[in-house]
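Participant: The structure's right below; bear with me while I get my questions together.
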Amino acid sequence: MTRSTLLGLVVLALVGAGMWWVRPPSPPVEHLPAASAGQAPSASSPTGQSSSDDALPDVTLADGSADAGAGVRITLSLTPQPPVAFAKTKVRVRVEAGGSPVRLEAGRISFEMTMPMGDHRYTLVPGADGWQEAEVILPRCMSGKLRWYATVEGTVGGEPRTARFRLDLAPPGQAPAR
Ligand SMILES: [Cu+2]
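Printed below as a string of structure tokens:
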């Protein structure tokens, strides 16, 4: 076999491999309108969030509860409502299993946005009336977005339990509703 034939084979192999590589494993959905990417069309919330958000309990203006599986229900309550950026928010969590209050062992709550906003993780400590609580200060996002997500985690009867909620932070200086 001559040198040029070998080179030709190598080129052929590379072209073949290249064609294999450019064949996308999935369609480039980022170039498609959202409606044709398999998402049900829905009215956007004022904060421009997708419909998957709407399934999460909103704890901005009222307490919210979420099913954490196996009959465990996690309730999240913020004070004030709405919570205000850069101000203290009292976070309270209550957990029921089969309708009876239970303790969330190693209870903790974390807050995040769709973008990295730093670490906002808090341990829940025992409070009054069976609530477990934390004092939280969340920053305002420079982008102007207000939507945060709260994740409550812990174990009940040795089983890990998680519940997610959404909230919209009021801008600093805005008087809380109550
Ligand atoms: Cu941000």
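Okay, so the sequence shown: first residue is 1 according to the working numbering, each after it adds one. The beta-carbon is built from N, C-alpha and C at its ideal position, and this holds for glycine as well. Nothing here was measured: the structure is a model prediction, and the numbers come from that model.
When the Cα atoms are used, what is the spatial distance from G69 to R161?
Facilitator: C-alpha separation (whole angstroms): 7 Å.
Participant: Who are the Cβ neighbours of R121 in its own chain at under 7 Å, not counting the five residues just before and after it?
Facilitator: R108, S110.
Participant: Could you give the distance in angstroms between the alpha-carbon of G158 and the alpha-carbon of R103?
Facilitator: Roughly 11 Å between the two C-alpha positions.
Participant: Taking P80 as the reference, give the member of A128, W148, R166, V59 with the closest Cα.
Facilitator: Per the Cα distances, V59.
Participant: Have a look at I137 and W131 and give me their C-alpha separation to the nearest angstrom.
Facilitator: Each residue's Cα considered, the two are about 19 Å apart.
Participant: In this structure, how does DSSP classify D63 when only helix, strand and coil are distinguished?
Facilitator: In this structure, D63 counts as coil in the three-state DSSP scheme.
Participant: What separation, rounded to the nearest whole angstrom, lies between the Cα atoms of G38 and E133?
Facilitator: The predicted position of G38 is uncertain, since its pLDDT is 36 and thus under 50; no value can be drawn from it.
Participant: Name the DSSP bridge partner or partners of G154?
Facilitator: Note: G154 sits in a beta bridge opposite R161.
Participant: Any heavy atom of ligand 1 closer than 7 Å to the beta-carbon of S179?
Facilitator: Missing from the structure shown is residue 179; the chain here goes from 1 to 178 and no further.
Participant: Over the uninterrupted beta strand (DSSP E) stretch that includes G107, give me the two end residues.
Facilitator: Where G107 is concerned, the enclosing beta strand (DSSP E) stretches over 105 to 112.
Participant: In chain order, what residues have a CB nearer than 6 Å to some heavy atom of ligand 1?
Facilitator: This selection yields M113, M115, M117, C141, M142, S143.
Participant: Per DSSP, L167 is paired with what?
Facilitator: The partner list for L167 (beta bridge, DSSP) reads W148.
Participant: If the criterion is Cβ atoms closer than 8 Å, does the pair G214 and G71 meet it?
Facilitator: Nothing about residue 214 can be read from this structure; the chain reaches only from 1 to 178.
Participant: So Q132 is in the beta strand (DSSP E); what residue range does that whole segment cover?
Facilitator: Segment 132 to 137, the beta strand (DSSP E) holding Q132.
Participant: Taking its Cβ as the centre, do 16 or more other Cβ atoms sit within 10 Å of E135, making it buried, or is it exposed?
Facilitator: With fewer than 16 Cβ atoms within 10 Å of its Cβ, E135 is classed as exposed.
Participant: Please name the residue or residues paired with A97 in a DSSP beta bridge.
Facilitator: DSSP lists V72, S100 as partners of A97.
Participant: Could you check whether R164 and T155 sit closer than 8 Å to each other, using their CB atoms as the reference points?
Facilitator: For T155 and R164, no; Cβs fall outside 8 Å.
Participant: Measuring straight from C-alpha to C-alpha, what distance separates A66 and L56?
Facilitator: So the two alpha carbons sit approximately 8 Å from each other.
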